[in-house]
């Protein structure tokens with residue numbers, strides 16, 4: 001019913017078929033025919049052709065009111081598209097486990113919001129399994145995780161290559177005989193400890209000491225056990241934890257040794273209660289990635305957040 005409304009509206013504005021035709025760069029007969037087709041579809045005349053200047057019928061008045069409402073919606077949507085394209089409006093929902101929600105995502109979000117203050121950010125903290133489910137349902141735009149998700153379902157972009165480090169309570173006497181193997185907070189932060197010139201600590205030096213391990217189903221726990229097995233070392237496990245952050249807190253309290261990722265250690269405050277050691281390379285590294293549902297619409301906010309975060 002509103003197909004051809006632009007012809008009708010131009011005639012209404014100019015109160016003249018000849019002036020409207022000139023504005024539209026078409027002939028007057030062609031314009032008259034287009035307007036007549038609209039009137040025929042409606043079943044009633046829009047213009048009162050007996051008046052000068054050209055006037056509207058009662059039906060025409062309501063038609064023009066509706067046209068102006070439609071044009072207003074067009075303008076509003078065009079303004080939204082412009083703002084959305086310029087990231088002046090929009091939403092972005094991110095997800096991560098306790099580690100990523102507490103230490104990794106906040107500074108990334110802060111940097112993004114500084115550049116794009118009108119984008120509303122939502123942060124969801126859940127387990128990897130729950131986050132993957134939310135991602136698949138479309139409830140979350142992006143998640144950050146250190147577990148490899150199914151590439152048939154999810155697309156990804158690498159955020160960081162993580163390496164495990166051995167964290168040992170500083171009061172353990174063994175540290176005094178291993179000073180040459182110790183690495184500093186700064187060396188972890190700048191990644192210089194990865195240089196081959198930095199020595200790898202012999203795991204057997206820690207035989208008989210208590211270990212705080214991640215559970216078997218946790219990827220960090222799996223890799224830590226693989227490192228131990230590859231080096232013929234059986235840790236004396238006193239506690240099995242679900243979260244790296246919890247394992248680290250127990251470690252710094254002096255209860256036991258733990259395997260902690262460098263990405264977390266590079267962001268937490270310096271702690272005099274813990275000493276760090278470089279581990280063997282085998283089974284040590286893994287990729288931390290941003291994931292999103294394969295095939296979903298990729299928003300401008302998602303694209304820009306990834307571009308800023310994955311430099």
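In full-length UniProt numbering, the protein residues as written are 1 to 311.
Positions of the beta carbon are idealized from the N, C-alpha and C atoms, including for glycine.
Item: Given 8 Å, three or more beta-carbon pairs between the segment 111-119 and the segment 148-165; Value: no
Item: Euclidean distance between Cα positions of residue 103 and residue 256; Value: 23 Å
Item: Classification of residue 37 by the beta-carbon crowding that lies within 10 angstroms, buried from 16 upward; Value: exposed
Item: Inter-residue Cα distance where the pair is residue 247 and residue 79; Value: 50 Å
Item: Test item: CB-CB of residue 94 and residue 87 under 8 Å; Value: no
Item: Buried versus exposed, by CB contacts within 10 Å (16 or more), residue 210; Value: buried
Item: CB of residue 288 within 8 Å of CB of residue 159, strictly; Value: yes
Item: C-alpha distance - residue 198 paired with residue 187, whole-angstrom precision; Value: 10 Å
Item: Three-state class that DSSP yields for residue 289 in the structure shown; Value: strand
Item: Residue of 6, 219 and 49 minimising C-alpha distance to residue 16; Value: 49
Item: Residues near residue 182 in its chain [Cβ-Cβ closer than 8 Å; skip 5 each side]; Value: 175, 275, 276 and 277
Item: Residue 120 - containing beta strand (DSSP E), residue span; Value: 120-125
Item: Supposed contact pair residue 7 and residue 56 - C-beta distance, whole angstroms, cut 8 Å; Value: The pair is not a contact, with the Cβ atoms about 15 Å apart (cut-off 8 Å).
Item: Limits of the unbroken beta strand (DSSP E) element including residue 96; Value: 91-96
Item: Exposed unless 16 or more other CB atoms sit within 10 angstroms - verdict on residue 260; Value: buried
Item: Pick from 89, 128 and 44 that is closest to residue 220, judged by C-alpha positions; Value: 128
Item: Beta-carbon proximity list for residue 263, same chain, < 6 Å, skipping 5 on both sides; Value: 160 and 162
Item: Residue 60 burial status per 10 Å Cβ neighbour count (16 or more: buried); Value: buried
Item: DSSP state of residue 194 mapped onto helix, strand, coil; Value: helix
Item: Simplified DSSP state of residue 306, which is helix, strand or coil; Value: helix
Item: Completely contained beta strand (DSSP E) runs for the segment 150-216, where each covers 3 or more residues; Value: 154-169 and 210-214
Item: Coarse secondary structure for residue 255, derived from DSSP in three states; Value: coil
Item: Spatial distance of residue 204 from residue 240 (CA atoms); Value: 20 Å
Item: Which listed residue (44, 243, 123 and 271) has its alpha carbon closest to that of residue 217; Value: 243
Item: Exposed unless 16 or more other CB atoms sit within 10 angstroms - verdict on residue 100; Value: buried
Item: Backbone secondary structure at residue 47 - three-state DSSP; Value: strand
Item: Minimum C-alpha distance to residue 208 - residue among 173, 45 and 227; Value: 173
Item: Within-8 Å CB hit, residue 13 to chain B; Value: Chain labels in this structure do not include chain B; a single protein chain is all it has.
Item: Three-way DSSP call (helix, strand, coil) for residue 60 in this model; Value: helix
Item: Extent of the continuous beta strand (DSSP E) to which residue 277 belongs; Value: 274-278
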